[in-house]
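Heads up: take any position in the sequence shown, counting from 1, add 135, and you land on the numbering used here. Here the structure comes first, spelled out in structure tokens, and everything after it is commentary.
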Amino acid sequence: MTQTMTAIAIEGRKGPAEALQAVQLERPTPGPGQVLIKVAAAGVNRPDLLQRLGFYPPPPGAPTTLGLEIAGEVVDGAGRWKAGDKVCALLGGGGYAEYAVVDARHALPIPSGLDPVHAAALPETVFTVFANVFEHGALKAGETLLVHGGTSGIGTTAIAMAKAAGAKVIATGRGSDKKAKALELGADIAVDTKAEDFAEVVKAAGGADVILDMVGASYFEKNLDALNTGGRIVYIASLGGAVLEVPVMKVMQKRAVITGSTLRPRSADEKARLAAEVERVAWPWVAAGKLKPIVDATFPLADAAKAHAHLEAGEHVGKVVLVV
């Protein structure tokens with residue numbers, strides 16, 4: 136095993152997709168409690184785009200290179216893992232590379248029947264959906280989840296996980312093709328936000344108990360209108376505006392909860408707790424075929440710039456994955 140590896144760096148530390156370049160870096164060395172993984176595939180996520188643009192710096196101690204999720208083979212073991220084990224893992228960074236190190240507690244076994252490409256599409260989205268929809272949003276069987284961006288990586292995962300948990304799902308998307316795709320992926324109702332008022336559709340269907348929102352301010356008024364009494368709005372991004380104007384009386388009348396979270400800055404212990412819960416609750420859904428990662432496109436590691444451009448174009452359905 137060589138002491139160097141190919142990895143993707145951001146030329147000038149920030150810039151457009153074309154700033155992503157393949158470079159030679161020193162292979163990382165695992166510290167106490169960490170495993171070294173030979174990466175087979177790495178998921179590409181919207182936070183990677185933000186980091187490339189200079190808006191989402193890695194947390195202290197994390198690699199400065201991009202990549203929040205990988206799948207591959209353990210080279211140096213720790214914890215419950217030994218050399219040769221096939222795992223996928225949630226990272227603080229460094230996934231766009233031939234090797235990566237990660238806290239052993241943040242790795243999970245690749246579910247039976249999944250190849251590394253599809254396994255690499257799981258950790259970031261499944262952890263995010265589980266934390267926000269099922270923990271912060273407290274979605275229960277028989278309730279209704281409204282998920283915006285239903286054909287995104289997060290959206291496709293949220294549809295599958297909510298259905299596996301026995302919930303009803305309403306998904307939104309921009310365009311009739313995305314509406315049709317959301318229905319194909321299992322949503323009970325889909326809304327083309329270019330042609331329909333999603334709040335009216337949701338209210339006609341009985342309202343939403345949990346709303347998973349990555350749009351932010353521009354959808355807030357309609358979200359609150361569509362929300363059932365005692366409902367929860369959970370934010371994971373703010374692509375349509377980051378500052379909410381909150382009608383306090385309406386929030387009080389609906390007993391609404393407005394919450395949200397980020398995943399990357401959480402402590403190692405908190406991520407370990409979340410990993411254990413994901414393995415307990417969601418991994419059986421994968422094994423049963425109820426949760427299937429949707430991969431829209433794959434790119435060689437050296438073509439990370441093309442992968443970012445594809446994700447930024449916004450026409451993808453599911454995840455974009457780099458193959459190492």
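Positions of the beta carbon are idealized from the N, C-alpha and C atoms, including for glycine.
Item to check | Coarse secondary structure for residue 320, derived from DSSP in three states | outcome: coil
Next on the checklist: So, does the segment 211-219 touch the segment 188-200, judging by three or more C-beta pairs under 8 Å?
Outcome noted: no
Next on the checklist: I need the straight-line Cα distance from residue 449 to residue 324, nearest angstrom please.
Outcome noted: 21 Å
Next on the checklist: Can you give me the C-alpha to C-alpha distance between residue 435 and residue 312, rounded to a whole angstrom?
Outcome noted: Their backbone Cα atoms lie some 28 Å apart in a straight line.
Next on the checklist: Only counting the same chain, and skipping five residues up and downstream in sequence, which positions put a Cβ closer than 7 Å to that of residue 276?
Outcome noted: Excluding sequence neighbours, residue 276 sits near 300, 301, 302.
Item to check | Which of helix, strand or coil DSSP assigns to residue 378 | outcome: Coil.
Item to check | Sequence-distant residues of the same chain with beta carbon closer than 6 Å to residue 440, five excluded per side | outcome: If we look at residue 440 and ignore the five residues flanking it on each side, its Cβ neighbours are 152, 153, 155.
Checklist entry - Buried or exposed: which applies to residue 182, given that a residue is buried once 16 or more other Cβ atoms fall within 10 Å of its Cβ? => result Per the 10 Å Cβ criterion, buried.
Checklist entry - Contact check, residue 292 vs residue 261 under 8 Å by CB: the rounded distance? => result 6 Å
Item to check | Per-residue DSSP class, three states only, for residue 364 | outcome: In the structure shown, residue 364 sits in a strand (DSSP, three-state: E or B).
Checklist entry - Are at least three pairs of beta-carbons, each pair with one atom in the segment 226-246 and one in the segment 396-406, less than 8 Å apart? => result The segment 226-246, when compared against the segment 396-406, does touch it at the 8 Å Cβ threshold.
Checklist entry - What distance in whole Å lies between the Cβ atoms of residue 186 and residue 237, which are believed to be in contact at a cut-off of 8 Å? => result About 18 Å; that fails the 8 Å criterion.
Checklist entry - DSSP puts residue 234 in a beta bridge; with which residues? => result For residue 234, DSSP records a beta bridge to 173.
Item to check | DSSP state of residue 191 mapped onto helix, strand, coil | outcome: Coil.
Checklist entry - When DSSP labels each residue in this structure, what does residue 300 get in the three-state scheme? => result coil
Item to check | Same chain, Cβ closer than 7 Å to residue 314, neighbours up to 5 away in sequence not counted | outcome: For residue 314, where only same-chain residues beyond five positions count, the Cβ hits under 7 Å are 308, 325, 326, 327.
Checklist entry - Taking the alpha helix (DSSP H) that residue 263 falls in, what are its first and last residues? => result 258-264
Next on the checklist: Using the Cβ count rule (16 or more neighbours within 10 Å means buried), how would you classify residue 202?
Outcome noted: buried
Item to check | Where residue 435 sits in the DSSP three-state scheme | outcome: Correct three-state label for residue 435: strand.
Item to check | Reference residue 148; option with closest CA among 396, 402, 200, 412 | outcome: Ranking 396, 402, 200, 412 by Cα distance to residue 148 puts 200 first.
Checklist entry - To the nearest angstrom, how far is it from the Cα of residue 349 to the Cα of residue 320? => result 19 Å
Item to check | Environment of residue 367 [buried if 16+ CB atoms lie within 10 Å] | outcome: Residue 367 comes out buried.
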